[in-house]
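When we follow UniProt numbering, the leftmost residue of the sequence shown carries the number 1, and every step to the right adds one.
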Amino acid sequence: ASDDAAQEAAALAAARQAAEERAAAAEAALERQRAAAAAQRDVAAAAVQAAEEKAALREAAEAAMVARLEVEAAARRQAEKRAAEEARARLAAEREAADAAERAARAEQLAAATAARQECEAAAAAEAEAA
């Protein structure tokens, strides 16, 4: 009987040890799964961060392009404004030159008419003197 009891105790001890080993193995497997899940979360977080950074870079590039286009448009408007001002100044100078030429022509006509009148008056005076 004591032999049977000793064998039973040994069998129980072996069963307990096997159960403890299985529990330890299951715990180790669970720990590995947790570590793998944590690694997957880290990878997913890194992917999200990379996508956010890429989107931010794209937004910054778009903002820079918009700013460049606005600067180019402002420069174009400034150049067009300058060209219009230069055209107005040229037109004003041409008008002024035309007015000056017209005044000079009138002055020339007036001088010619005055000279002709004086010539007539001198001729009339000479005729009157001769008579």
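Beta carbons are placed, not taken as given, at the ideal position from N, Cα and C, and that holds for glycine. Treat the numbers as computed from the prediction; the structure is a model and nothing was measured.
CA-to-CA distance, residue j to residue i, given in whole angstroms
i, j, result
"residue 108", "residue 115", "10 Å"
"residue 34", "residue 23", "16 Å"
"residue 84", "residue 78", "10 Å"
Assigned secondary structure, residue i (DSSP; H/G/I helix, E/B strand, else coil)
i, result
"residue 79", "helix"
"residue 131", "coil"
"residue 1", "coil"
*Residue ranges of each beta strand (DSSP E) run of no fewer than 3 residues wholly in the segment 107-131, ordered along the chain?*
Taking 3 residues as the shortest admissible run, the segment 107-131 contains no complete beta strand (DSSP E) segment at all.
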